[in-house]
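Residue numbers (this note's numbering): 110 to 487.
So this is what it looks like as structure tokens:
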């Protein structure tokens, strides 16, 4: 397969001059959410919940959640700000001492937990199924994690120094980011044995040190895989594939480099069968299909892009059809329909969007702008 010299142009994340995630804010100007925020923080986004429902976050990853019916285009209900995991949203109540769990498929509150010390920590993540909350607080001398669930004893993890952050939680494995001088590593804390595993997780062919800025993230529906897109200062990008079931990690380089703003247009979608992760960049004009099992690029193809219109860090929003044959991508008012079978992409016109979603059956594409949905016939 000819990737037009992509390996020579990216040549791995290790050889790029990249910026650390802790200094990422310096790169992102204070502007409109879609143009100045990464999807992990404040860029508007949307995600499928299954069963014909779609969650839209107009104010970004930590804002309120609007759940829409993709059959009718009507809003079903609103959920408070919080963190999604599986079909559950966890919300930290005002004041911090209470937590509430919501079923995103019904909108109903399903559980609560409270503690006098919860207010000293902030909700930073949830388990892969959403039923455990992870609270966090750091000081100059220590990083403290509290794992809370409605029906289990509180678990506390304290690590020396402030240089720790949450990555994922599955079963008895707490995955953490350990920030170092020149990058960071993924470490595993064994909750059953109450110990930090000595060796960091790493790709067998790469260094354990990760460079760059975490830009966006996708989790497989079964919770096994966490895919994180990392960006370098020159736009070079890679996908970090974390298998939380087996405690392994792989790195996959993506096509395109030379412009940070173009790199920020990469968006990820996992095929419905969970076998292929698609990374699409309307800025670079590339669609890349990654085999999840082997963590290797299966194919990559070009499509007509508009790099001149990407003048600042810009988060794309996307959705994949139920049969995996089409990916809709919206960026800065433009919408593309990328066919993964024919390897052809066509522009659908100018439609400002904070999220996009295929209607059941695939005959319509919903364009979300704030909380309003508009149908686009395909």
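We put the CB at the ideal spot given by N, CA and C, even for glycine.
Residue i burial status per 10 Å Cβ neighbour count (16 or more: buried)
i	result
residue 267	exposed
residue 308	exposed
residue 263	exposed
residue 429	buried
residue 403	exposed
residue 203	exposed
residue 449	buried
residue 219	exposed
residue 310	buried
residue 180	exposed
residue 223	exposed
residue 243	buried
residue 237	buried
residue 191	buried
residue 302	exposed
residue 281	exposed
residue 304	exposed
residue 314	exposed
residue 471	exposed
residue 306	exposed
residue 183	exposed
residue 69	As shown, the chain starts at 110 and ends at 487. That puts residue 69 outside it, with no answer to give.
residue 261	exposed
residue 153	buried
residue 148	buried
Beta-carbon proximity check, residue i vs residue j, cutoff 8 Å
i	j	result
residue 188	residue 211	yes
residue 477	residue 165	yes
residue 465	residue 427	yes
residue 283	residue 298	yes
residue 444	residue 437	yes
residue 178	residue 193	no
residue 474	residue 467	yes
residue 332	residue 275	no
residue 358	residue 295	yes
residue 351	residue 277	yes
residue 172	residue 146	no
residue 319	residue 339	yes
residue 376	residue 401	no
residue 257	residue 246	no
residue 341	residue 321	yes
residue 406	residue 335	no
Own chain residues within Cβ distance below 8 Å of residue i, not counting five before or after
i	result
residue 196	158, 159, 212, 213, 214, 239
residue 410	395, 396, 452
residue 423	143, 144, 370, 373, 374, 392, 440, 441
residue 228	204, 205, 206
residue 290	none
residue 484	182, 468, 473, 474, 475, 476
residue 155	163, 164, 165, 166, 426, 428, 463, 464, 465, 466, 477
residue 300	256, 264, 266, 281, 282, 283
Close Cβ partners of residue i (< 7 Å) along its chain, the five nearest in sequence each way excluded
i	result
residue 479	167, 463
residue 249	271
residue 225	206
residue 434	448, 449, 450
residue 150	169, 170
residue 199	191, 192, 208, 210, 232, 235, 239, 242
Any chain D beta carbon closer than 8 Å to residue i
i	result
residue 180	Going by chain labels, chain D is absent from the structure shown, which holds only one protein chain.
Cβ neighbours of residue i in the same chain (closer than 6 Å, five flanking residues each side left out)
i	result
residue 337	323, 326, 349
residue 265	255
residue 486	473
residue 259	220, 222
residue 383	329
residue 412	394, 454
residue 216	186
residue 495	The first residue shown for the chain is 110 and the last is 487, placing residue 495 beyond what the model contains.
residue 286	274, 276, 293
residue 460	444, 476
residue 176	162, 164, 185, 186
Is the stretch 365 to 376 touching the stretch 338 to 351 in the sense that three or more CB pairs, one from each, lie closer than 8 Å? yes
Length at least 4, wholly inside the stretch 242 to 278: the alpha helix (DSSP H) runs in chain order: none
Where are the beta strand (DSSP E) runs, 3 residues long or more, that stay fully inside the stretch 138 to 193, in chain order? 154 to 159, 162 to 166, 174 to 178, 184 to 188
Quick check on the DSSP output: what are the complete beta strand (DSSP E) runs of length 3 or more inside the stretch 386 to 435, in order along the chain? 395 to 400, 405 to 411, 426 to 429
List in chain order: all unbroken beta strand (DSSP E) runs of 3+ residues lying wholly within the stretch 326 to 351. 334 to 340
Inside the stretch 271 to 316 only - beta strand (DSSP E) runs reaching at least 3 residues: Here the runs fully enclosed are 273 to 279, 282 to 289, 292 to 299.
Ignoring anything shorter than 3 residues or poking outside the stretch 209 to 234, list the beta strand (DSSP E) runs there in chain order. Taking only runs of at least 3 residues, the beta strand (DSSP E) segments lying wholly in the stretch 209 to 234 are 218 to 223.
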